[in-house]
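Contents: one structure, followed by commentary.
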DNA sequence: CAAAACTGTAATATTTATAATTACAGTATA
DNA sequence: TATACTGTAATTATAAATATTACAGTTTTG
C-alpha cells in the first residue's frame, strides 16, 4: 500500500481533531514527520476530490469539507491509492499460454479483491480514527 | 503488493501446466520475462513452506508438492507477501496524539483487512489459475 | 503599502527499494 | 568428467519514493 493513504488519513484525522482552525502544511508535516511539500501534494489530491478545502495566505491552511463521521477510509483509499493492491506483473509473454495471460488473470482476481477490501475500509470513518487515536 | 506473489503464482501455474517433468529456473524465468536467479529466490521460499520440491543436477528443477487443486492463492500470499498490505507509515511522533497512534490504529484496520482479503484469495486455486490462462 | 505566513507546483537531488548480473560452490546425470 | 542444474552471496544497475530547493501567487496584519 502506498504511503499517500496513511498520510491522507493522518492529515484528515488531524483536521478533525482541531475543527475550529485551519491547519497548515507545516503543522501537519511536523505531526507526521514528513516534508511539508509532500503534505501539500497529498492534500492537493484530497482537495480535488472535495474532501477538504484550502485557503492561501497568512492564517490559511486546510479544513475538512465534510463531517469526520461522513468520510470513510474507503473514500480516502479511492482518492489516493485505487489500483495499488494490484500485484506488479512482468511483461506479458506471447510465447507461453501462462505468461501471456497471468497478468490479466491476476488482475481480475485483485480487482474483485480490492472491492472486498473496500467494503472493509468503508466501515471506518475519520471520526473513528480520531476516537481510536485519542482513547489510546 | 510485491512482485514475489505474482512470480510465485506464475511459477506454480507453470508447474501445474507440465506436471510430468521438472521445470528449470531458466525455463520459468523465460516464461515470466525475469532473471533466473530471481525465480530461484522466490521458489526457495515456496520450497521452505513445502509448496514445491526441487532437484539439483542435470535434468533437475522444480515440481509441485501437492495437487494444483489444493494450493490456494492465499497459501501463496502468506508465504510471499504476508503483511505487505500494511500501508507504510512515517515514524511515530510522541508529541502528537494523532501522530503517536496512527501507525498502530491503521495497523489493526489493515490486519483485519488482510484477513478479509485472504478469504477472497482463498477461493482461487492454482488449478483455477491454469484453467483461466488456458481457456483465454 | 509592505512584510509575513501561507498554498501551489515544478525542478532537482537524495535515499531507498527492486531487480539484474556475476560468481561460484554443490549436486545429480549421462 | 563434462554438462545442466540448484542455492546463495555479493555486486551493480535501475526504478521508485522522498526530501529539498525555488519561486510565483494569495491573504492577513501591522
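Protein chains in written order, with my numbering: chain A, 1 to 136; chain B, 1001 to 1136.
We put the beta carbon where it would ideally sit given N, CA and C, even for glycine.
Specify, as a first and last residue, the run of the alpha helix (DSSP H) that residue i falls within.
i	result
residue 1034 of chain B	Careful: residue 1034 of chain B lies outside any alpha helix (DSSP H) and carries neither H nor E.
residue 1003 of chain B	1003-1017
residue 1054 of chain B	Unbroken run through residue 1054 of chain B is the beta strand (DSSP E), 1052-1055; no alpha helix (DSSP H).
residue 1022 of chain B	No alpha helix (DSSP H) holds residue 1022 of chain B; DSSP gives it neither H nor E.
residue 122 of chain A	First-last for residue 122 of chain A: undefined, no H or E at that position.
Have a look at the options and flag the residue whose alpha-carbon is nearest the alpha-carbon of residue i.
i	options	result
residue 1006 of chain B	A:99, A:112, A:80	A:99
residue 91 of chain A	B:1056, B:1031, B:1019, B:1021	B:1031
residue 13 of chain A	A:72, A:93, A:57	A:72
residue 1046 of chain B	B:1019, B:1033, B:1010	B:1010
residue 979 of chain B	B:1126, B:1016, B:1018	It is not possible to answer for residue 979 of chain B, since the shown part of chain B is limited to 1001 through 1136.
residue 1089 of chain B	B:1110, B:1074, B:1081, B:1069	B:1110
residue 966 of chain B	B:1084, B:1004, B:1017, B:1051	Limits of chain B in this structure are 1001 at one end and 1136 at the other, which puts residue 966 of chain B out of reach.
residue 1070 of chain B	B:1135, B:1123, B:1079, B:1134	B:1123
residue 41 of chain A	A:68, A:79, A:20, A:75	A:79
residue 8 of chain A	B:1106, B:1115, B:1027	B:1106
residue 1096 of chain B	A:19, A:28, A:21, A:1	A:28
residue 94 of chain A	B:1004, B:1133, B:1025	B:1133
residue 120 of chain A	B:1113, B:1120, B:1118, B:1121	B:1113
residue 1067 of chain B	B:1057, B:1118, B:1050, B:1058	B:1050
residue 48 of chain A	A:1, A:19, A:75, A:23	A:75
residue 1024 of chain B	B:1064, B:1002, B:1004	B:1064
residue 54 of chain A	A:83, A:26, A:22	A:22
residue 1104 of chain B	A:20, A:35, A:135	A:135
residue 59 of chain A	A:116, A:37, A:4, A:26	A:26
residue 1037 of chain B	B:1083, B:1101, B:1004	B:1004
residue 1083 of chain B	B:1108, B:1020, B:1056	B:1108
residue 1118 of chain B	B:1081, B:1056, B:1020	B:1081
Give me the chain B residues within the contact set of residue i, using Cβ-Cβ distance strictly less than 7 Å, ordered along the chain.
i	result
residue 112 of chain A	1120
residue 124 of chain A	1109
residue 66 of chain A	Chain B residues near residue 66 of chain A: none, gap ~18 Å exceeds 7 Å.
Could you tell me which chain B residues have their CB closer than 9 Å to the CB of residue i, listed as they occur along the chain?
i	result
residue 83 of chain A	Result: empty, since nearest Cβ-Cβ is about 11 Å, beyond 9 Å.
residue 76 of chain A	Ordered by position in chain B, no residue passes the 9 Å Cβ test against residue 76 of chain A, which lies about 11 Å from the chain.
residue 37 of chain A	What residue 37 of chain A touches in chain B: nothing, since even the nearest Cβ is about 14 Å away.
residue 134 of chain A	1097, 1098, 1101
Which residues in chain A sit within 8 Å of residue i, going by Cβ to Cβ distance?
i	result
residue 1017 of chain B	97, 98
residue 1003 of chain B	87, 88, 89, 90
residue 1049 of chain B	Near residue 1049 of chain B there are no residues of chain A at all, since even the closest Cβ is about 18 Å away, more than 8 Å.
residue 970 of chain B	As shown, chain B starts at 1001 and ends at 1136. That puts residue 970 of chain B outside it, with no answer to give.
Under 7 Å Cβ-Cβ, which residues of chain A neighbour residue i?
i	result
residue 1116 of chain B	116, 117, 120
residue 1063 of chain B	In chain order: nothing, as chain A lies at least about 16 Å away.
Below 9 Å on C-beta distance, what does residue i contact in chain A?
i	result
residue 1033 of chain B	90, 91, 92, 93, 99
residue 1006 of chain B	87, 88, 89, 90, 102, 103, 106
residue 1079 of chain B	The premise fails here: residue 1079 of chain B is roughly 14 Å from chain A at the closest Cβ pair, so nothing lies under 9 Å.
How close, in whole Å, do the beta carbons of residue i and residue j come, if the pair is a contact with beta carbons under 8 Å?
i	j	result
residue 62 of chain A	residue 43 of chain A	6 Å
residue 1052 of chain B	residue 1015 of chain B	7 Å
residue 1129 of chain B	residue 87 of chain A	Going by Cβ atoms, the distance from residue 1129 of chain B to residue 87 of chain A rounds to 13 Å, so no, they are not a contact pair.
residue 1116 of chain B	residue 116 of chain A	6 Å
Applying a beta-carbon distance threshold of less than 8 Å, which residues of chain B neighbour residue i?
i	result
residue 13 of chain A	1098, 1102
residue 73 of chain A	1109
Segments assigned alpha helix (DSSP H), at least 4 residues, entirely inside the region 1058-1083 of chain B: As far as the region 1058-1083 of chain B is concerned, its whole alpha helix (DSSP H) runs of at least 4 residues are 1073-1081.
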